[in-house]
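A.B. asks: In the working numbering, the protein residues as written are 5 to 106.
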């Protein structure tokens, strides 16, 4: 038992918990999945695929931007969202690989 130790440094664990807490919602996970498929998407494009109210989508995107998971880029009248760190996509791969108990 004396050989056991925490293998990840504390700052990395805290950041991981912070990110997981932020993405712990089906809409946010879907947004990550969509932004992994397309490098950047507008709110309208995301709304069309997700089929949710624009106000709800904006709420989730604002939360994700405030937490540093997505950023925006303006081009004319369009605001494009993109992932700030592509490694967040690993969460989607992990979810896909999990066995369903249902």
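Glycine included, each C-beta is placed from N, C-alpha and C at the ideal position.
Beta-carbon within less than 6 Å of residue 58's beta-carbon, same chain only, minus the 5 sequence neighbours each way: which residues are those?
C.D. replies: Within the same chain, residue 58 has close Cβ partners 51.
A.B. asks: May I ask which residues mark the beginning and end of the alpha helix (DSSP H) holding residue 75?
C.D. replies: Careful: residue 75 lies outside any alpha helix (DSSP H), inside the beta strand (DSSP E) at 74-79.
A.B. asks: Exposed or buried, residue 63, counting other C-beta atoms within 10 Å across all chains shown (16 or more means buried)?
C.D. replies: Under this definition residue 63 is an exposed residue.
A.B. asks: If you draw a straight line from the C-alpha of residue 16 to the C-alpha of residue 28, how long is it?
C.D. replies: C-alpha separation (whole angstroms): 18 Å.
A.B. asks: For residue 46, which beta-bridge partners are listed by DSSP?
C.D. replies: In DSSP, residue 46 forms a bridge with 84.
A.B. asks: Please say whether residue 65 and residue 74 have beta carbons closer to each other than 8 Å?
C.D. replies: Yes, these two residues count as a Cβ contact at 8 Å.
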